[in-house]
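Beneath this line is the structure, given in structure tokens, with notes to follow.
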DNA sequence: CTTGACACAGAACAGGCGTTCGGTTATCAT
DNA sequence: ATGATAACCGAACGCCTGTTCTGTGTCAAG
């Protein structure tokens, strides 16, 4: 029998195994077993699959949980945990109070009303589970560079640091708005995200309820389909 | 022994199991076994865990691959394939041509320079692999409701339908811009996304190069950290 | 009080699966 | 030639794991 000796790098068989693991995972949502890899890659012995898997592990292409059934996984695009769900709590619009989640909401939200975000997209360490999402309704947030239909991801908080973009409810003005927050001597400065627009000032005697800190804005451009 | 009878919905134990599966998966990158669930949820019998798992499956909270080791997974947050990478081709800024990917770029982009998007966030059926991303530099796109630092996801195309938001290069004006595209009698109308701003008109004699259709805009609000 | 459901425990069964070990063949440097 | 090494094969071992079956205590309805 002829066997080709590879000088270095990944051989054809290594690649085939890698591809199979990826496609199997996509189809069955879990990794293949050693025997399944063998069958689909024309390897008749489990020990040979194990042999290749060891090499792929050493070369950093896969990770293995030995002793554990189907404990193979491709390095990188991690199967889970690289994205998380954010519950969609409702809409945010001018003149309406901002819906904020209660503790109950966090545990009972349905997957349908949620937004999936890749971990790699999340700024800093906001990767907690306490985030929530709101859909912007109306064009009242355009001075915050946020348009009708946009999705804003918020982190619930009552106090903001200077420079945070916050969702605030100004009950005196019956107004909901998204602005950059700055605390000044005797008043608050709410700075629109759009640099061409001027800030508004809120006297400390007026009520200003910070409902959350904006972490991300997502706009799906799919109108007129 | 006292046992609390739950009238409906998910009991405390159901929730505990759900939470454990999630945290276990995060830590070990693979689902827990029935026995492991039992240990960490104070259930001494595997049959009882199985009993709860059956209920959670019926209620749609989990999916199971019976007969397969550790074949439990939370519904929704799918392990893989529900997100894909979009290569980050560079920056888009006024006065500079828009970088568009070549075929070579698509196969050789590195994971570091890419953006991960959840499938569920993608509009319509743009779920092809031919998308690419650009980082907005400067504040020249504010009339498109796109700010400095934003990430725009584009689908390369030369022709746009009315109403599409497109990235265009106007070589006569040495200008790069993002606008809603409308073809009119003898000219093109480029409508800013910001409804308070007026459209600009491009005569058909002028050069107008459509580089791509905007599919999504992502803004990470993390300044001033 | 009886009945039936529900919520559990415990044990046993059977198959899945990773590991390991003894062999075999082919390539290559010495 | 020859030993070393890489690339395999097959079978056996044994743990891991999901399934299933029997049994028990509780609670509400009849």
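Protein chains in written order, with the working numbering: chain A, 1189 to 1413; chain B, 1189 to 1413.
All C-beta atoms in this analysis are idealised placements derived from N, C-alpha and C, irrespective of residue type, glycine included.
Please check the pair residue i and residue j, which I expect to be a contact at CB under 8 angstroms, by giving their CB distance rounded to whole angstroms.
i: residue 1376 (chain A); j: residue 1396 (chain A); result: 6 angstroms
i: residue 1302 (chain B); j: residue 1273 (chain B); result: 4 angstroms
Where residue i and residue j are concerned, what is the direct C-alpha to C-alpha distance, given to the nearest angstrom?
i: residue 1378 (chain B); j: residue 1357 (chain A); result: 35 angstroms
i: residue 1203 (chain A); j: residue 1387 (chain A); result: 57 angstroms
i: residue 1321 (chain B); j: residue 1404 (chain B); result: 9 angstroms
i: residue 1342 (chain A); j: residue 1402 (chain A); result: 5 angstroms
i: residue 1262 (chain B); j: residue 1246 (chain A); result: 31 angstroms
i: residue 1334 (chain B); j: residue 1381 (chain A); result: 10 angstroms
i: residue 1392 (chain B); j: residue 1279 (chain B); result: 27 angstroms
i: residue 1412 (chain B); j: residue 1304 (chain B); result: Reliability fails at residue 1412 (chain B), whose pLDDT of 43 lies under 50, so the model's placement of it is uncertain and the value that follows must be treated cautiously. Going by the C-alpha atoms only, they are around 24 angstroms apart.
i: residue 1235 (chain B); j: residue 1236 (chain A); result: 36 angstroms
i: residue 1208 (chain B); j: residue 1276 (chain B); result: 36 angstroms
i: residue 1361 (chain A); j: residue 1329 (chain A); result: 15 angstroms
i: residue 1410 (chain A); j: residue 1281 (chain A); result: 21 angstroms
i: residue 1286 (chain A); j: residue 1250 (chain B); result: 32 angstroms
i: residue 1216 (chain B); j: residue 1226 (chain A); result: 25 angstroms
i: residue 1332 (chain A); j: residue 1372 (chain B); result: 31 angstroms
i: residue 1260 (chain A); j: residue 1243 (chain A); result: 13 angstroms
i: residue 1324 (chain A); j: residue 1355 (chain A); result: 12 angstroms
i: residue 1268 (chain A); j: residue 1374 (chain B); result: Note that residue 1268 (chain A) scores a pLDDT of 40, beneath 50, so its modelled location is shaky; the value from the coordinates is reported in the next line. Distance between the alpha carbons of residue 1268 (chain A) and residue 1374 (chain B) is about 52 angstroms.
i: residue 1231 (chain A); j: residue 1340 (chain A); result: 50 angstroms
i: residue 1394 (chain A); j: residue 1359 (chain A); result: 8 angstroms
i: residue 1205 (chain A); j: residue 1199 (chain A); result: 10 angstroms
i: residue 1248 (chain A); j: residue 1351 (chain B); result: 46 angstroms
Do residue j and residue i have their beta-carbon atoms positioned less than 8 angstroms apart in this structure?
i: residue 1400 (chain B); j: residue 1365 (chain B); result: no
i: residue 1383 (chain B); j: residue 1363 (chain A); result: no
i: residue 1218 (chain A); j: residue 1256 (chain B); result: yes
i: residue 1229 (chain A); j: residue 1254 (chain A); result: no
i: residue 1336 (chain A); j: residue 1406 (chain A); result: no
i: residue 1240 (chain B); j: residue 1224 (chain B); result: no
i: residue 1220 (chain B); j: residue 1258 (chain B); result: yes
i: residue 1319 (chain B); j: residue 1408 (chain A); result: no
i: residue 1306 (chain B); j: residue 1306 (chain A); result: yes
i: residue 1390 (chain A); j: residue 1348 (chain A); result: no
i: residue 1368 (chain A); j: residue 1353 (chain A); result: yes
List the residues of chain A whose Cβ lies closer than 7 angstroms to the Cβ of residue i, in chain order.
i: residue 1384 (chain B); result: 1330
Which chain B residues sit within Cβ distance under 8 angstroms of residue i?
i: residue 1308 (chain A); result: 1303 and 1304
i: residue 1353 (chain A); result: 1409
Residue i touches chain A at which residues, Cβ-Cβ below 8 angstroms?
i: residue 1259 (chain B); result: 1218
i: residue 1348 (chain B); result: Within 8 angstroms Cβ-Cβ: nothing; residue 1348 (chain B) doesn't reach chain A, min ~11 angstroms.
i: residue 1253 (chain B); result: 1216, 1217 and 1218
Going along chain B, which residues have a C-beta under 7 angstroms from residue i?
i: residue 1407 (chain A); result: 1404 and 1405
i: residue 1327 (chain A); result: 1383
So with CB distances below 9 angstroms, who are the chain A contacts of residue i?
i: residue 1333 (chain B); result: 1330, 1333, 1334, 1335, 1338, 1382 and 1407
i: residue 1374 (chain B); result: The contacting residues do not exist; residue 1374 (chain B) stays about 22 angstroms from chain A at best.
What residues of chain B sit near residue i, judged by a beta carbon separation below 9 angstroms?
i: residue 1256 (chain A); result: 1216, 1218, 1221, 1257 and 1258
*Output the residue ranges of the alpha helix (DSSP H) runs that lie fully inside the stretch 1224–1271 of chain A and measure 4 residues or longer, sorted by chain position.*
Runs of the alpha helix (DSSP H) inside the stretch 1224–1271 of chain A: 1234–1246.
*Scan the stretch 1353–1389 of chain A and note each continuous beta strand (DSSP E) run of 3 residues or more that stays entirely inside, going in chain order.*
Counting whole runs of 3 or more residues, the stretch 1353–1389 of chain A contains the beta strand (DSSP E) stretches 1353–1358, 1363–1371 and 1375–1379.
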